[in-house]
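J.: Structure incoming, see below.
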Amino acid sequence: MRQYGWIAALALAVPAVAQAQSSVTVWGRVGGDVQYLSGVQNGAHSTGSRFSEGNDWGTSILGITGKEDLGGGNQAVFWLESSINAANGNYGGGVLFQRGAWVGFKNERYGFLRLGQGSFINSYIWSYDPLLEENYSVESLTSYRNGPKLSNGIRYESPKFGGFSFALQANLGNSSNGWLRGSPNNVGATGLSDGATVAYTHGDFEVRAIWNEIRNQYGREDNLFTASQEAFIGVRDRFGPALVQLGYTRYSAPDTPAGLSRTANYYWGGVTYDATPFLHLQSAVYSMKIDAGQWTADHSGEGRSTIIGLGAMYDLSKRTFLYATAAHVFNSAGANLGVNPQSPGLGNGNGLGASPMPGHGQTGVYAGIETLF
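According to mature numbering (1 follows the signal peptide of the UniProt record, and there is no 0), the stretch in the sequence shown is residues -20 to -1, 1 to 353, in order.
As structure tokens, then:
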């Protein structure tokens, strides 16, 4: 299956500095675009629009990966991955290797074990998002809850058994004040976070279930989109030039204070259509329903938000492509989620963009270029 040339290039297209039984590869991507965003709240009762330059298709990346053949089907592997904001040259999140810093052991028969900083187990949701977790995507309505990078991780990934596979992960809090608590030195200051996933794959068809929980620094699950439980099921399949992707997630935060929302349901679906070998068209709808509860400065409350998104990518070569994405969010009364990921609650949006006024919609468009090396 040809999903896109640039996906394969991330892993395969970079020449390696190699010896007979080991290799080290330097790879990455750099992108830039211009975004127009309407309905930005700029006062108690007013909104405006803005133009900005950034990395909205996805952060720029510098990666170093390596492996050593140990014999007997065994390999030692490592991964260092840095997020870079090409708009200003800063590291993502202020951490050099925020996206990944781990070492692992791989066996052809028994699977793969990794230790260190990196993606959480719900990163598999990327495969079920028609907009590929770009800035306008499945992450927009969740404050990145469905794709975080966490510290102190222990992750096991099984080999496939007749199309079935599974993975387990725990990210330790490293706290001396309790097993569930976290150290302030953790990325995100999270406590114990853990999860599991199982998948079945047959050709282009894949179905996956994921369950996970992220605790805050104090060991509690008290915010739907920062410290909570997540249950996901997704399915994807290809029909000729069309890739269909569907997903459902339920969020719950049992330690949330009384009067605030403790549960939410999230549905989405869409299609990626290969119009030509070079032109790929995307369409998606995302709908979040947050159950009863008040809105506060840092807690999202009752309401429904729905995003309609359209995108296109055009391959100029195996390593470089143009892209454009447009999206509009519809908010029910009281809700103020935006097309960009943002912090939970009624704050002014500390994510990649600013939130609209409660009950108002927002439209965003960005276009740019991405190149891989």
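A virtual CB, placed ideally from N, CA and C, is assigned to each residue, including glycine. Quantities reported herein were computed from a predicted structural model and do not represent experimental measurements.
Label V14 either buried or exposed according to how many other C-beta atoms from any shown protein chain fall within 10 Å of its C-beta, with 16 as the threshold for buried.
T.: Label assigned to V14: exposed.
J.: Measuring alpha carbon to alpha carbon, tell me which residue in N54, G73, W59 is nearest N65.
T.: Looking at the Cα atoms, G73 is the closest of the given residues.
J.: Which residues does DSSP list as the beta-bridge partners of Q21?
T.: For Q21, which the question treats as bridged, DSSP gives the partners T27.
J.: Grab the span of the beta strand (DSSP E) containing Y294 for me, first residue to last.
T.: First-last of the beta strand (DSSP E) with Y294: 283 to 295.
J.: Could you tell me whether the Cβ of D217 comes closer than 9 Å to any Cβ of chain B?
T.: Included in the structure is just one protein chain, with no chain B present.
J.: To the nearest angstrom, report how far apart T45 and W82 are at their CA atoms.
T.: Rounded to whole angstroms, T45 to W82 spans 10 Å at the Cα level.
J.: Among all the DSSP beta bridges, which residues are the ones paired with residue 371?
T.: Given a span of -20 to 353 for the chain in the structure shown, any question on residue 371 remains unanswerable.
J.: When you compare only the Cα positions, how much space is there between V265 and N22?
T.: Approximately 27 Å, taken between the alpha carbons.
J.: Please report the residue range of the beta strand (DSSP E) in which Y198 lies.
T.: Where Y198 is concerned, there is no enclosing beta strand (DSSP E), given that its DSSP letter is neither H nor E.
J.: Are the Cβ atoms of W248 and P139 separated by less than 9 Å?
T.: No; because the gap between Cβ atoms is not below 9 Å, this pair is not in contact.
J.: Tell me which same chain residues have a C-beta within less than 7 Å of the C-beta of N245, skipping the five on either side of it?
T.: The answer, listed in chain order, is R230, K269.
J.: CA-CA distance, H260 and L223?
T.: Roughly 10 Å separates the two Cα atoms.
J.: Please report the distance separating the alpha-carbon of E88 from that of N316.
T.: Taking the straight line joining both Cα atoms gives about 48 Å.
J.: In angstroms, rounded to a whole number, what distance separates the CA positions of L160 and N196?
T.: Rounded to the nearest angstrom, the two C-alpha atoms are 9 Å apart.
J.: By Cβ distance, which residues of its chain are closer than 6 Å to S267, with the 5 residues on each side in sequence left out?
T.: Around S267: Y247, T286.
J.: Among residues of its own chain, excluding the 5 on either side of F205, which ones have a beta-carbon nearer than 6 Å to its beta-carbon?
T.: Answer for F205: T122, S123, R125, P324, listed in chain order.
J.: Less than 9 Å between the beta carbons of residue 361 and Y108, yes or no?
T.: In this structure the chain extends from -20 to 353, so residue 361 is not present and cannot be described.
J.: Cβ atoms of F146 and V187: under 9 Å apart, would you say?
T.: Cβ atoms of V187 and F146: not closer than 9 Å.
J.: Looking only at its chain, what residues have a beta carbon closer than 7 Å to the beta carbon of G329, apart from the 5 residues adjacent to it on each side?
T.: Since pLDDT at G329 reaches only 44, below the 50 mark, its modelled position is unreliable, and no value is offered.
J.: What does the Cβ neighbour count give for Y116, buried or exposed, with the cut at 16 atoms within 10 Å?
T.: So Y116 ends up on the buried side.
J.: To the nearest angstrom, report how far apart G331 and G53 are at their CA atoms.
T.: In this prediction, G331 scores a pLDDT of 39, lower than 50, which makes its location untrustworthy; the coordinate-derived value is nonetheless stated afterwards. Approximately 43 Å, taken between the alpha carbons.
J.: Looking at Y198 and the ligand FAD, is the gap between the Cβ and the nearest heavy atom below 8 Å?
T.: Ligands are entirely absent from the displayed structure, and the ligand FAD is therefore not among its contents.
J.: Whole angstroms is fine: what's the gap from Y136's alpha carbon to P128's?
T.: If you take the alpha carbons of Y136 and P128, they lie about 18 Å apart.
J.: So, with DSSP's three-state summary, where would you put N102?
T.: Looking at N102 - three-state DSSP - the assignment turns out to be helix.
J.: Suppose only complete runs of 4+ residues qualify. What are the alpha helix (DSSP H) ranges in the region 250 to 283, listed by chain order?
T.: As far as the region 250 to 283 is concerned, it has no whole alpha helix (DSSP H) run of at least 4 residues.
J.: Among residues of its own chain, excluding the 5 on either side of G38, which ones have a beta-carbon nearer than 7 Å to its beta-carbon?
T.: Only G11, E114 meet the Cβ criterion.
J.: From W7 to K47, what distance separates their C-alpha atoms?
T.: Distance between the alpha carbons of W7 and K47 is about 14 Å.
J.: Using 9 Å as the threshold, is the C-beta distance between V309 and Y16 below it?
T.: In this structure, Y16 does not lie closer than 9 Å to V309 by Cβ.
J.: So for L352, helix, strand or coil by DSSP?
T.: Three-state DSSP puts L352 in a strand.
J.: Looking only at its chain, what residues have a beta carbon closer than 6 Å to the beta carbon of A189, apart from the 5 residues adjacent to it on each side?
T.: Counting only Cβ-Cβ distances below 6 Å, and skipping sequence neighbours, we find V178, I213.
J.: Short of 6 Å in beta carbon distance, which residues of its chain neighbour A313, apart from the five on each side in sequence? Order them along the chain.
T.: Answer for A313: G339, listed in chain order.
J.: Residues in its own chain within less than 6 Å of A272 by CB, not counting five upstream and five downstream?
T.: Cβ within range, chain order: E282.
J.: According to DSSP, what are the bridge partners of G133?
T.: Bridge partners of G133: G96, N151.
J.: Looking at the strands, I want to know which residues DSSP matches up with Y124.
T.: Paired residue(s): none; Y124 is not in a bridge.
J.: Using three-state DSSP, classify G171 as helix, strand or coil.
T.: DSSP places G171 in coil when its eight states are reduced to three.
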